[in-house]
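These notes concern the structure reproduced below.
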Amino acid sequence: MLTDDETAEQDELEEQLWTATEELQKAVMRLFQDRDIHPHLVVLALARVTGEVGAGTALASEQDPEELLGELAGVVRRAGREFREMVQAEAMPTAGNA
Numbered sequence: 000m001l002t003d004d005e006t007a008e009q010d011e012l013e014e015q016l017w018t019a020t021e022e023l024q025k026a027v028m029r030l031f032q033d034r035d036i037h038p039h040l041v042v043l044a045l046a047r048v049t050g051e052v053g054a055g056t057a058l059a060s061e062q063d064p065e066e067l068l069g070e071l072a073g074v075v076r077r078a079g080r081e082f083r084e085m086v087q088a089e090a091m092p093t094a095g096n097a
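Under numbering that gives the first Met the number 0, the first residue of the sequence shown is numbered 0, with each subsequent residue one higher.
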């Protein structure tokens, strides 16, 4: 069971995560809209930066970079699958609208 302090800290970290996620999504969307860069190259650039930041973070905190990079790969895979499922679910007509 989490204490009130632990719950508050977890809530704060989740809020920070969503703030960072939203800001990164806005930056990526600006690249898509304002620049003549192929979307696939933007995704590859994001992956590269993510790997570099992940490895740097692991080294700075004296963690195994390969372990952290493996965790990052899992997060990317899970987020992609969840997004795909969400898009597919939205594209499916509901029984009442069919």
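All C-beta atoms, glycine included, are put in the ideal place defined by N, C-alpha and C.
Can you tell me where the alpha helix (DSSP H) with residue 49 in it begins and where it stops? Its alpha helix (DSSP H) spans residues 38–59.
Using C-beta distances below 6 Å, list every residue in its chain close to residue 68, excluding the 5 sequence neighbours before and after it, in chain order. Counting only residues of its own chain and dropping the five nearest sequence neighbours on each side, residue 68 has a CB closer than 6 Å to the CB of 53.
Helix or strand or just coil, what does DSSP make of residue 92? Of the three classes helix, strand and coil, the one that applies to residue 92 here is coil, per DSSP.
Is it the case that the Cβ atoms of residue 42 and residue 31 are separated by a distance below 8 Å? With contacts defined as CB atoms closer than 8 Å, residue 42 and residue 31 fail to qualify as a contacting pair.
Going by the CB atoms, is the gap between residue 49 and residue 71 shorter than 8 Å? Against a cut-off of 8 Å, the Cβ pair of residue 49 and residue 71 comes out as a contact.
Among residues of its own chain, excluding the 5 on either side of residue 64, which ones have a beta-carbon nearer than 8 Å to its beta-carbon? Excluding sequence neighbours, residue 64 sits near 53, 54, 57, 58.
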